[in-house]
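**Q** Right, I'll just put the structure down here and ask away after.
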Amino acid sequence: MSVDDDQEDEDIDWDFWGKLVNDYELMTKKNKQIVEQHLIQGIPVSLRGTLWQLMSKSQSVDMENVYVDLLKRTSPYEKLISQDLSRTYPSLTYFRREGGHGQESLFNVVKCYSLYDPEVGYCQGLPFIVGPLLLNMPDEEAFCMLTKLMTQWDLRQHFVPNMIGLQIRTYQFERLMEMFFPNISIHLERQGVQSSMYASQWFMTLFGYRSSMKIVFRVIDMLLFEGTNVLFKLALTLLKLGEAKILSLEFEQLLNYLKIDIFQTFQEQTSLVISESRQFQIPERKLKQWAKEYTAELKRLTEEEKLVNTLSANNQQLEERVKSLDSKVQDLTNGQLEMANDYVQVQTDLANQKQHNRSLQAKIEELEARLKTERQLAEESLKDHLEQLAQKNLSLVTKNMELEDQLHSTEQLLMGARNKIANYETGGTHSASSSLSGMTDAKSVNSTNDPQTQPATTKKWGAFRSILS
């Protein structure tokens, strides 16, 4: 489970390391520079786990008991953790062997931390922090040290859901790059390469994502001694050593170099890289200022994003409202179109009806004129006919009167003849015959003068003539 180191046993100052293990705090207070010089060369492999726990003050029986309790529980991230195990330091047999002790220990520690810190839960990159610990101490001690690194060394902010600490760190690194290597900063900007594209994985995995475990060991050595600023120093040193190469590359090759190939120098000359990193002085005041700047800008952007989201939501509601109104307008338009068509049809029917009415009116007027003409002709014909009838009736009445006069004259003659005959036949009856003759004459006269005895035709003609007059 050991990893090769630059130091040989005969080069190790065991006396110094023994004193450091016996009283780390006293040694760092009295001989800080000497301690730093030895740490630059790397902690001996056999003492690394012990010294790491001393430097981090992570030993805790209570936390070990917490770990034991958490092991019994189930994490919602177990499937994700299992999927990432084979991707963690795949070059190391200890972690590459599926179902082996290395993967089992890695799974247990990461799972327990996901239960211990629900806000962080599980995040890719976390196994790269746990792996080096497991190579130097038992599982429960690795869990204890992990909790210390996450809190007191502020690595936790690299793994929270919004990764705010990682965002701030990459922003600070960009500003440091502008300060120490303006040419590189300008070149990266022109090529469209942002620090988040490569430096995020540097800081998140302590340079372990594409480099060797030996490098991660040395990074943790210095991290525990100096703090997280060592990450900036090592990153700046990598840029310094690879400046010529960086300035000669364009986007795709440049990004590939920053992610992978840049660690070749670190791998081959680890102590030199760490020694070179000591030359960079990181301005603490500037770091705080930049952190405030980024936080303020992030807050502004967050508020703008919220505003944009609110406006987007409102816009979406308005769009839905517009669609609804458009649909209603379309319905109304269709209704109006139908009404317009109906109106046109009604107007057409009305015009046709008016034309029909005018045609009927013309026919009525024509018929009325014909009726009037025919009535006039009928009246004139009737009048002529009536006049003809009147003339004919008058002629008949006149003839009838003439006949009546003739009849009367005949009756008178007959009567006179009878009287004469009677007188001849009976002389004694002369007086009686005279009386009878007188009565007959009287009757004849009365019959002629009495209106009641006049012929009916005479009465009718008189009435008809009064009507005509």
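If you number the sequence shown the way numbering that gives the first Met the number 0 does, the last residue is 468 and the count never jumps.
Don't be surprised by glycine CBs; every beta carbon is placed ideally from N, CA and C.
1. With contact counted as at least three CB pairs below 8 Å, one residue from each stretch, are the stretch 139-147 and the stretch 54-71 in contact?
2. Measuring CA to CA, which of S210, N340, L105 and E318 is closest to Y121?
3. In chain order, what residues of the same chain have a beta carbon less than 6 Å from the beta carbon of N255, not counting five sequence neighbours either side?
4. To the nearest angstrom, how far is the alpha carbon of E403 from that of Q411?
5. Are there three or more Cβ pairs, one per stretch, closer than 8 Å when the stretch 211-227 is compared with the stretch 45-60?
6. Three or more C-beta pairs closer than 8 Å, one from the stretch 125-133 and one from the stretch 198-217: is that the case here?
7. For S195 versus T169, is the C-beta spacing smaller than 7 Å?
8. What three-state label does DSSP hand R121 in the structure shown?
9. Is it right to say E173 is buried, meaning 16 or more other beta carbons lie within 10 angstroms of its own, or is it exposed?
10. Could you tell me the alpha carbon to alpha carbon distance between N351 and R369, rounded to whole angstroms?
11. Drop a sphere of 10 angstroms on the beta-carbon of G437, count the other beta-carbons inside from all chains shown, and report buried for 16 or more, exposed for fewer.
12. If you check the beta carbons only, do K258 and Y197 fall under 7 Å apart?
13. Is it buried or exposed for S408, if we count other Cβ within 10 angstroms and need 16 for buried?
14. Are there 16 or more other CB atoms within 10 angstroms of the CB of M176, so buried, or fewer, so exposed?
15. Please specify which runs of the alpha helix (DSSP H), each continuous and at least 4 residues long, are wholly inside the stretch 269-305, giving them in chain order.
16. DSSP on R155, reduced to helix/strand/coil?
17. Which of the three DSSP states, helix, strand or coil, is assigned to F206?
18. Go ahead and pull the three-state DSSP assignment for V192.
19. Give the DSSP-derived three-state secondary structure of F180 in the structure shown.
20. Please specify which runs of the alpha helix (DSSP H), each continuous and at least 4 residues long, are wholly inside the stretch 59-92, giving them in chain order.
21. Under the three-state reduction of DSSP, which class applies to T227: helix, strand or coil?
22. According to DSSP, simplified to helix, strand and coil, what is S433?
23. Which same chain residues end up closer than 7 Å to V159 when comparing Cβ atoms and leaving out the 5 residues on each side of it in sequence?
24. Cβ atoms of Q190 and L238: under 7 Å apart, would you say?
25. Exposed or buried, what is T301 when buried is set at 16 or more other beta-carbons lying within 10 Å of its beta-carbon?
26. Figure out for me which residue from E251, I273 and F216 has the closest Cα to the Cα of L240.
27. Going by other Cβ atoms of all chains shown within 10 Å of its Cβ, with 16 needed for buried, is R464 buried or exposed?
28. Quick check: P126 and V109, are their CB atoms within less than 7 Å of each other?
29. Between the Cα of E188 and those of H157, D325 and F250, spot the shortest distance and give me the residue it belongs to.
30. In the DSSP assignment, find the alpha helix (DSSP H) that holds R47 and state where it starts and stops.
**A** Let me lay it out:
1. They touch, by the three-pair rule.
2. L105
3. none
4. 12 Å
5. yes
6. yes
7. yes
8. Note that residue 121 is Tyr in the sequence shown here, rather than Arg. Coil at Y121, not helix or strand.
9. buried
10. Near 26 Å, if we compare the C-alpha coordinates of R369 and N351.
11. Residue confidence is low: G437 scores 48 on pLDDT, short of 50, so the model does not pin down where it sits. Its coordinate-derived value is still stated next. By the 10 Å Cβ count, G437 comes out exposed.
12. yes
13. Exposed, by the Cβ-count rule.
14. buried
15. Entirely contained in the stretch 269-305, the alpha helix (DSSP H) runs reaching 4 residues are, in chain order, 269-276.
16. helix
17. coil
18. Coil at V192, not helix or strand.
19. coil
20. 60-70 and 77-84
21. Looking at T227 - three-state DSSP - the assignment turns out to be coil, as it is neither helix nor strand.
22. Confidence in S433 is poor, its pLDDT being 49 and thus under 50, which makes the residue's placement too unreliable to answer from.
23. Cβ within range, chain order: E118 and V119.
24. no
25. exposed
26. Answer by Cα proximity: I273.
27. Residue placement at R464 is flagged as unreliable, the pLDDT there being 47, under the threshold of 50; a coordinate-derived value is accordingly withheld.
28. At a Cβ-Cβ threshold of 7 Å, P126 and V109 count as neighbours.
29. F250
30. V44 to S55
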